[in-house]
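Working notes, beginning with the structure itself.
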Amino acid sequence: MGHVARLLEEAGIPTVIIAIRAFRRRLEMMTPPRALITPHLMGRPLGAPGDHERQRATILAALDLLESAKQAGTIVDLPGQYRPSQNLKSR
Amino acid sequence: MKTENTASESFKEFKGSFSYGSRSDLNFKFLAGLSDEEAAKFFQDLLWKLGDSFNDGKFDRLVDHVYEWQIRAYSGEGKWVYDEGAFTPLRKPVAESRLVLLTSSGHFVEGDDPEPFGVKNMTQKEAMARIGEFVKTEPALSVISINTPREKLRVRHGGYDIRGAQADPNVAFPLERLLELNQEGIIAELAPEAYSFVGACAQTPLLKHTAPQWVKMLQQQPVDAAILVPV
Numbered sequence: 001m002g003h004v005a006r007l008l009e010e011a012g013i014p015t016v017i018i019a020i021r022a023f024r025r026r027l028e029m030m031t032p033p034r035a036l037i038t039p040h041l042m043g044r045p046l047g048a049p050g051d052h053e054r055q056r057a058t059i060l061a062a063l064d065l066l067e068s069a070k071q072a073g074t075i076v077d078l079p080g081q082y083r084p085s086q087n088l089k090s091r
Numbered sequence: 001m002k003t004e005n006t007a008s009e010s011f012k013e014f015k016g017s018f019s020y021g022s023r024s025d026l027n028f029k030f031l032a033g034l035s036d037e038e039a040a041k042f043f044q045d046l047l048w049k050l051g052d053s054f055n056d057g058k059f060d061r062l063v064d065h066v067y068e069w070q071i072r073a074y075s076g077e078g079k080w081v082y083d084e085g086a087f088t089p090l091r092k093p094v095a096e097s098r099l100v101l102l103t104s105s106g107h108f109v110e111g112d113d114p115e116p117f118g119v120k121n122m123t124q125k126e127a128m129a130r131i132g133e134f135v136k137t138e139p140a141l142s143v144i145s146i147n148t149p150r151e152k153l154r155v156r157h158g159g160y161d162i163r164g165a166q167a168d169p170n171v172a173f174p175l176e177r178l179l180e181l182n183q184e185g186i187i188a189e190l191a192p193e194a195y196s197f198v199g200a201c202a203q204t205p206l207l208k209h210t211a212p213q214w215v216k217m218l219q220q221q222p223v224d225a226a227i228l229v230p231v
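One line per chain: the protein sequences are E and C, in this order. With this note's numbering, the residue at position 84 of the first sequence is 84, and numbering never jumps. With this note's numbering, the residue at position 131 of the second sequence is 131, and numbering never jumps.
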């Protein structure tokens, strides 16, 4: 996805990447345009299933970054922790 | 396939079995890349913490333990290194912008299966078994109308544990959250189509051939910015 972001920016489309902390190092090395690093588990970059508040907060932080970043390689860490949600309803 | 519980299995084989082996578990495939000492420490601390949880009923420490080890396991340097990159400033605030969602989570709409390698209704299990082929193949882009009801969303990806994304697509494909923010006016507009592909794919063809086509398509829509979620 680092490559997709780079190509989009070259083509004039601003991007923000939302990626988990485990991917931080590899992403950093690609100098991504903007990346929000989430303290979440693999396969669940926006937060736990059913944790609407956390998912929302993650997107809002990404939108802030979209507006505030001034140069490529702007990487911001989302505070907080991954916590399983009690809200998850089985489908 | 190794048979389980063979007396002669080495610790190296045991830890390797979690990465597409007899005990394949994509949450823990990183075990294969740890040294024997590290993997032993992972299990020892996991069990110790589990013992604490028996007493206080708090299991968050297990989540944190796995989280820390996932970071540790992936702390090595990647193949792709760029010292600088293009940057396009956002032209207007998000509240006036049209955004598009693109993820590598492997989501698609029921009835519009990308059918990798021509296989109809490929199971997650088969996708895991064929991961070696996925990473050598150009990805297909699934087009997902933003009006797609949640129950019509499907996910298949041989590279990660999809159970979270099955339970709630928004953990990796946050369409519902984006729609809410759009309704509240925080995002002016969402592009009518969102996109997803299987991120475990051939990277050079993605860079040289596939992704440039996606970029052209998005330029033509047009969109003001893209939210990208690698999984």
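Every residue, glycine too, gets a C-beta built ideally from N, C-alpha and C. Remember, predicted model here, so these are calculated numbers, not experimental data.
Against chain C, a Cβ distance below 9 Å from residue 88/E picks out 167 and 168. According to DSSP, residue pairing for residue 189/C in a beta bridge involves 98/C. Contact of residue 12/E with chain C by beta-carbon distance below 7 Å involves 88. In the DSSP assignment, the residues bridged to residue 108/C are 154/C. When C-beta distances to chain E are compared with 8 Å, the residues of the segment 180 to 209 of chain C below that value are 180, 181, 186, 187, 199, 203, 206 and 207, in chain order. Taking C-beta atoms under 8 Å as the contact rule, residue 27/E and residue 211/C fail to qualify, at a distance of about 16 Å.
CA-CA distance, residue 84/C to residue 12/E, rounds to 16 Å.
With a threshold of 9 Å between beta carbons, residue 216/C makes contact with chain E. With respect to residue 158/C, residue 187/C sits apart: the two C-beta atoms are not nearer than 9 Å.
Proximity of chain C to residue 2/E at the Cβ level (cut-off 7 Å) is accounted for by 80, in chain order. Distances from the CA of residue 86/C to each of 9/E, 4/E and 1/E were compared; the closest alpha carbon is that of 9/E. Judged by DSSP secondary structure, residue 215/C falls within the alpha helix (DSSP H) whose first and last residues are 211 to 220. At a cut-off of 9 Å between C-beta atoms, residue 61/E does not count as an interface residue with respect to chain C.
When secondary structure is reduced to three states using DSSP, residue 34/E falls in the strand class. For residue 206/C and residue 151/C, the gap between their C-alpha atoms comes out near 30 Å. Here residue 70/C is buried: its Cβ has 16 or more other Cβ atoms, across all protein chains shown, within 10 Å.
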